[in-house]
């Protein structure tokens, strides 16, 4: 990647971030997918959480954890604790699979269920868990896994 391309990507992330912070995330599925693809794709696994207000606007996009080429540690307690600290109403989990295959692993499904249980208990909404692959994004909600 050239320095000019890196600059363009950073500018695009900034524009999408400003757009999503002013507009409902859930009302613009394609903008959310574009944001996920730009923000999370890469050679190592990265786990982000979008914390949303009651109108589904982003309060914060937090890089929660970085890992290796095939694993990223995620602690459901910390994800939910941060939601409470931010007074968030909802969450969207996002992580990438550097292999390019967005198919969820058993660990992905198990961790999502743990976060979903905690959210339900505390009155938070877990909208989705999106896994970013090479040129494609997969929604656990669309798969019926949420």
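Residue numbers (UniProt numbering): 1 to 146.
Just so it is clear, CB atoms sit at the ideal spot from N, CA and C, and this is done for glycine as well.
**OP:** Could you tell me how far apart the beta carbons of residue 97 and residue 47 are, in whole angstroms, since I believe they sit closer than 8 Å?
**Re:** Incorrect: roughly 11 Å between the Cβ atoms, too far for contact.
Original post:
Is the beta carbon of residue 65 sitting closer than 8 Å to the one on residue 73?
Top reply: yes
Original post:
Where in the UniProt domain "MPN" (25-146) do unbroken runs of the beta strand (DSSP E), each at least 3 residues long, occur, reported from the N-terminal end onward?
Top reply: 46-52, 58-66, 90-96, 125-132 and 137-139
Subject >> 8 Å Cβ shell around residue 14 - same chain, five flanking residues per side excluded >> reply: none
Original post:
Taking C-alpha atoms, which residue in 4, 133 and 146 lies nearest to residue 109?
Top reply: 146
**OP:** Could you work out which residue in 82, 115 and 3 is closest to residue 128 when comparing CA atoms only?
**Re:** 115
Original post:
For residue 67 versus residue 45, is the C-beta spacing smaller than 8 Å?
Top reply: yes
Original post:
Beta-carbon separation of residue 102 and residue 58 under 8 Å?
Top reply: no
Original post:
Which class does residue 7 belong to by DSSP, given the choice of helix, strand or coil?
Top reply: helix
Original post:
Rounded to a whole number of angstroms, what is the C-alpha to C-alpha distance between residue 89 and residue 8?
Top reply: 32 Å
Original post:
What's the C-alpha gap between residue 82 and residue 93?
Top reply: 13 Å
Original post:
Taking the alpha-carbon positions, what's the residue 6 to residue 79 distance?
Top reply: 30 Å
Original post:
Can you find a C-beta in chain C that's less than 8 Å from the C-beta of residue 130?
Top reply: In summary, chain C is missing from the structure at hand, where a single protein chain is found.
Original post:
Between the C-alpha atoms of residue 56 and residue 125, what's the straight-line distance to the nearest angstrom?
Top reply: 10 Å
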